[in-house]
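Adding 243 to a residue's 1-based position in the sequence shown gives its number in the working numbering.
Every residue gets a Cβ at the ideal spot worked out from N, C-alpha and C, and that includes glycine.
Please read these numbers as outputs of a predicted model, since none were measured by experiment.
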Amino acid sequence: MINIDPESSERDPAILRTLARERQACLGVYGSTVTPGCVAVGDPVLIEVS
244 MINIDPESSE RDPAILRTLA RERQACLGVY GSTVTPGCVA VGDPVLIEVS
């Protein structure tokens, strides 16, 4: 869920309200694999925005 802080587990309903108001409640994320393999908790992950 996009309204839950992954570090504190606290919920912020304002995020969903803003999404509904600004984006007609539509959100998506696209991803691709650069190097196949396993990802484990604690592994570094690089996110590039295009």
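Residues of the same chain with their beta carbon placed closer than 7 Å to that of cysteine 281 are lacking, with the five preceding and five following residues left out of the count. Straight-line spacing of the CA atoms in alanine 257 and valine 272 works out to 20 Å. Ranked by Cα distance from cysteine 269, the options Val277, Pro287, Ser252, Leu259 are led by Leu259.
The alpha-carbon separation between proline 287 and glutamate 265 amounts to approximately 31 Å. DSSP places isoleucine 245 in the coil class of the three-state scheme, outside both helix and strand.
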